[in-house]
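To keep things clear, I will list the structure first and then write my remarks on it.
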Amino acid sequence: MEVFQSHRKSSSNNVFVSILPFYRSAPPLEVRLEDFEFFAMDRLRVLKGISDGLCRGKKPEEMEKLVVDLWKANMRHPQAVEEVNKDIISHFVLRLVYCRTEELRKWFLSMETTLFRHRFRLESSEAQRALMSEFKLPYKAVSNAEFESVKDKLGQVARSMGQNLPAADAIFYKVPFEEVPDLVSGRRVFIHKGHAYVAMNQVVSLVVTQFRSYISKALILTNRKWTSTIREQEKDRLTPIVEALCTSYLGPDYSQPQEFGEISIKDIDQVAKTSFPLCMRHLFEKVKEDHHLKHGGRMQLGLFLKGVGLKLDDALAFWKAEFAPKVSAERFDKEYAYNIRHNYGREGKRTDYTPYSCQKIISVTLGIGDHHGCPYRHFSEENLRAALVRMGVSSRAVEDVMDKVHNRHYQLACTLTFEAVHGSSYDAGINHPNQYFIDSQRVLQSKNGSVA
Amino acid sequence: MTKEEADNGRDDMVIDVPGQANAVPDGFNANYLRIYYGKLFPHADMFKWMSYGNDGKHPGCDKSYFGRREFSFTLENDIYIRFQSFNSVTELENSIKEKCPFKIDIGPVYSVDPAKRHAYAQSGDNVFTPVERELVFDIDISDYDDVRYCCTGADVCLECWPLMTIAIKVIDTSLRDDFGFNHILWVYSGRRGVHCWVCDGKARRLTNEQRAAIADYFHVYKGNENSQKKISLPGLVLHPFLARSYTEVLKGFFEAKLLPNQNLLASEERYEKILEMIPDASVASELRRRWQENKRASMSKDDINIVRWEQLKSILQSGKQKMQGLRRCVEEIVFSYTYPRLDMEVSRHMNHLLKAPFCVHPKTGRVCVPIDPNNCDEFDPTTVPTLSQLLEEQNRGGLRQDAENEWDRTSLGESVAFFRTSFLQPLLKSCKEEIENSYNAKLQQSKNDLSWFSFGVLIAAQ
Chain A
1 MEVFQSHRKS SSNNVFVSIL PFYRSAPPLE VRLEDFEFFA MDRLRVLKGI
51 SDGLCRGKKP EEMEKLVVDL WKANMRHPQA VEEVNKDIIS HFVLRLVYCR
101 TEELRKWFLS METTLFRHRF RLESSEAQRA LMSEFKLPYK AVSNAEFESV
151 KDKLGQVARS MGQNLPAADA IFYKVPFEEV PDLVSGRRVF IHKGHAYVAM
201 NQVVSLVVTQ FRSYISKALI LTNRKWTSTI REQEKDRLTP IVEALCTSYL
251 GPDYSQPQEF GEISIKDIDQ VAKTSFPLCM RHLFEKVKED HHLKHGGRMQ
301 LGLFLKGVGL KLDDALAFWK AEFAPKVSAE RFDKEYAYNI RHNYGREGKR
351 TDYTPYSCQK IISVTLGIGD HHGCPYRHFS EENLRAALVR MGVSSRAVED
401 VMDKVHNRHY QLACTLTFEA VHGSSYDAGI NHPNQYFIDS QRVLQSKNGS
451 VA
Chain B
453 MTKEEADNGR DDMVIDVPGQ ANAVPDGFNA NYLRIYYGKL FPHADMFKWM
503 SYGNDGKHPG CDKSYFGRRE FSFTLENDIY IRFQSFNSVT ELENSIKEKC
553 PFKIDIGPVY SVDPAKRHAY AQSGDNVFTP VERELVFDID ISDYDDVRYC
603 CTGADVCLEC WPLMTIAIKV IDTSLRDDFG FNHILWVYSG RRGVHCWVCD
653 GKARRLTNEQ RAAIADYFHV YKGNENSQKK ISLPGLVLHP FLARSYTEVL
703 KGFFEAKLLP NQNLLASEER YEKILEMIPD ASVASELRRR WQENKRASMS
753 KDDINIVRWE QLKSILQSGK QKMQGLRRCV EEIVFSYTYP RLDMEVSRHM
803 NHLLKAPFCV HPKTGRVCVP IDPNNCDEFD PTTVPTLSQL LEEQNRGGLR
853 QDAENEWDRT SLGESVAFFR TSFLQPLLKS CKEEIENSYN AKLQQSKNDL
903 SWFSFGVLIA AQ
């Protein structure tokens, strides 16, 4: 049987190269059905490992090592040819699995891009240059004369990042700033009149951006192909495998509150004290204190409450009552009610929004007056300690938690807090505030025989 | 300028009698707005701007362009209507005059006329989605409440307004020198801040990701209540953008103006905020000790803030300080007080709506006039024309026949003239060139395509 090809046949038979594939086209290979599944699962282990690493806030050097280890453990094959084939096949299978919704596509794109970024960095500079020309990046190296004229600015940029001054023969590329958004974002390049001066070692960013953009478009195309032809055509063969792969690896998204069904408005105060993770407790306290929350906070807390089981009417009543000292009922109905209904999928494009996972919450950028995000990351040490003490965490446990925070293991810090507050151990890590809530309620119920 | 009256139907406006200068009472209401939109609001200029040269005169023009732009109106009684679109200047003008919006917002240019959006899908090929939008910034002085003691919240005075001035300088310089943008419009928001519209073609076509990257490039101040350290400048030296901002704008302003005017080091409560930013507790204690001993400016006639700042700098910048965190401490303090605090969310997404220039602010009655970035030191928010003032001037100016436009009889004339000469005309010139070049390139391309096609047919036919 043939592997499904989501693009036209590659004209070159030369799949047998030892460099990084760009997954431009599905190779004309024959694949056994079981390999179809196993290759995909092995790759998924790599991607999930990367996802975990990112959640734990691992630094780039740590991620690089992680990628190497994950790849070695799951994707290696004694014959280079076989390894490349597995690489390509597993990628294309996972495209089928992860093309089907916006959330899945985002996740897959993010993990594959991270994987690619680290693998590309590990290539030799000749290999990197070759890959760059394959992507047809038309960027010219900066001439010697121009280099001389901007040398000290380039030096300033390097030193601002704690790096050495560029060597006299260093190669720089001049590219439009639009092509390197992540370098611009982190002020890691010198920009002048719309051009960014990119160091050779940063060239990775250029290529990764191209890769990301390409895969993003490919996923949309794949989705179309899937819904229009493949799913039906392959309903007895590939489709069940693809659908199983997805559900077996995706954690619950907490969009449909399960066990405890509903929480009513009168229960909230009580469960907030006992079962909310710190991020939501803080938001909850702030809304009671200030009778207001900025948009980011309203989204984070609002969606969490939805996942907890608060029905739309109760949600509207809750926010309206909390805002009442500052916002009149009419103003509330005009300015805030719409967004709450929007979150529950009753307005606009009727997407039922899912509560934010820890990964998403940790990665937000806070503005002035914001209270959302992850306290383990965003609070100062002093404020975090105080908050933990208010939660009832013992001083010894606070030290353990702070130790995790200093090492940027924010979710582990939250897990330790859970353990300290509930007096029980928690083996799985916390990945989602709603997971914290559900497990907290479970622990309390088994202790008291009643909910909270 | 006096405070506005509550807009509870103060429509007892005095009818003008020819020859008599009749006072127009302060206020903001539908009647005043009707006259404003009828005679003063520059509809044609707004239309020309939003058309970006697509006036139909060149074959390369996109006649659908203006009609795909979203406007939104906030009417009296807070009624808000989105997805308004117009196909001509007349439609735009008539709709504004008829509806008399209390606020007009400008949204993106969509792939299709917003009025037809329901016929299009959410995803796939045939979508309703933004395709162009100016790069915009919004700076609000209430985000600086922790560093200004003269005013809070919505109030603004000449002591604290300079914070906006330096924000303009820093961002404007960077947009031009670093990013290469040329067509930039700065506008007073009418009460307590400024908006920036970057209108180059390249800017309008930026993706959300690219906008976020630019916003992040400008993002230095990362404060909120719970985090103590709001500015962190690691690294041995500053990035050229930050270094330039510091030496050309921020340092001078902080030391000469903000420090003495806001008395940042004069009292314990205020200097503690600065001492908190010094990571080395022993240095902070040393300074605290000195300042507690000298509660009054003793020997020197110089301002106590300046004296104390020099002491602080000399300790922190002395060669003796080896601790990593102290190297940039002085800059961090200056940045945390003066560096622009942008509203990141406004800039990141193409579909974010922003108030149109030349609207009138309902709470202050002031017109959202353009600000010249090259002369922003001279801009005084307390003397910006108000709606009632303009109507009064317009009444008085009734006898002048030589003015071409109504607004030239009023203080608004200056603003419209500036808008045209400094912004609109250069922009339109550049747009025309772009349209021409793009058109010629397409012609050339199709010529090339045709030649290949015929070559291919030739080969195939053999």
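So the sequences go chain by chain: A and B.
According to my numbering, the stretch in the first sequence is residues 1 to 452, in order.
According to my numbering, the stretch in the second sequence is residues 453 to 914, in order.
All residues carry an ideal CB built from backbone N, CA and C; glycine is no exception.
Every value quoted in this text rests on a predicted model; they were computed, and no experiment measured them.
- The Cβ of residue 57 of chain A sits no closer than 8 Å to any Cβ of chain B.
- Assignment of residue 695 of chain B by DSSP, reduced to helix, strand and coil, places it in the helix class.
- Residue 706 of chain B sits away from residue 599 of chain B, with the two beta carbons spaced by 8 Å or more.
- Every unbroken stretch of the alpha helix (DSSP H) spanning 4 or more residues and falling wholly within the segment 353 to 404 of chain A is given here in chain order: 358 to 362, 375 to 378 and 381 to 391.
- From the beta-carbon of residue 669 of chain B, the residues of chain A found nearer than 7 Å are 184, 185 and 187.
- The Cβ atoms of residue 310 of chain A and residue 340 of chain A lie no closer than 8 Å to each other.
- The segment 174 to 192 of chain A and the segment 658 to 674 of chain B touch, with no fewer than 3 CB-CB distances between them shorter than 8 Å.
- Here the C-alpha atom of residue 346 of chain A lies approximately 37 Å from the C-alpha atom of residue 817 of chain B.
- If you draw a 10 Å sphere on the C-beta of residue 207 of chain A, you find 16 or more other C-beta atoms in it, and that means buried.
- Against chain A, the beta carbon of residue 507 of chain B has no neighbour under 9 Å; the closest one sits roughly 27 Å away.
- Inclusion of residue 825 of chain B and residue 624 of chain B in the CB contact set at 8 Å is warranted, their separation being smaller than that value.
- Two segments are said to touch when three or more pairs of C-beta atoms, one from each, lie closer than 8 Å; by this definition the segment 713 to 721 of chain B does not touch the segment 792 to 805 of chain B.
- The C-beta of residue 157 of chain A comes closer than 8 Å to at least one C-beta of chain B.
- The alpha-carbon separation between residue 489 of chain B and residue 842 of chain B amounts to approximately 12 Å.
- Between the beta-carbon of residue 189 of chain A and that of residue 157 of chain A there is about 6 Å, and that keeps the pair under the 8 Å contact cut.
- Beta-bridge partners of residue 648 of chain B (DSSP): B:589 and B:638.
- Any Cβ of chain A closer than 8 Å to the Cβ of residue 665 of chain B would place that residue at the interface, and such an atom is present.
- Per DSSP, the continuous alpha helix (DSSP H) segment holding residue 334 of chain A begins and ends at 329 to 335.
- Bridge partners of residue 873 of chain B according to DSSP: none are assigned.
- Using a 10 angstroms sphere on the CB of residue 435 of chain A, the tally of other CB atoms reaches 16 or more, which defines it as buried.
- A direct Cα-Cα distance of roughly 22 Å separates residue 587 of chain B from residue 364 of chain A.
- Cβ proximity to chain A below 8 Å picks out 681, 686, 687, 688, 689, 690, 691, 692, 693, 694 and 695 from the segment 681 to 696 of chain B.
- Under DSSP, residue 174 of chain A shares a beta bridge with A:197.
- The C-beta of residue 108 of chain A comes no closer than 8 Å to any C-beta of chain B.
- Taking CB atoms only, residue 778 of chain B has no neighbour in chain A less than 8 Å away.
- Among the bridge pairs identified by DSSP, residue 562 of chain B is matched with B:582.
- Interface criterion met: the Cβ of residue 661 of chain B is under 8 Å from a Cβ in chain A.
- Residues of chain A whose Cβ lies closer than 7 Å to the Cβ of residue 793 of chain B are, in chain order, 368.
- Under DSSP, residue 807 of chain B takes part in a beta bridge, and its partners are B:557.
- Among the residues of chain B, those whose CB is under 7 Å from the CB of residue 181 of chain A are 661, 662 and 665, following chain order.
- Between the segment 384 to 394 of chain A and the segment 689 to 699 of chain B there are fewer than three inter-stretch CB-CB distances shorter than 8 Å, so the stretches are not counted as touching.
- With its beta carbon at least 8 Å from every one in chain A, residue 615 of chain B lies outside the interface.
- For residue 818 of chain B, the pairing in a beta bridge is given by DSSP as B:838.
- Residue 573 of chain B is bridged by DSSP to B:579.
- As the crow flies, the alpha-carbon of residue 48 of chain A is around 10 Å from that of residue 112 of chain A.
- Against chain B, the beta carbon of residue 153 of chain A has neighbours under 7 Å at 692, listed in chain order.
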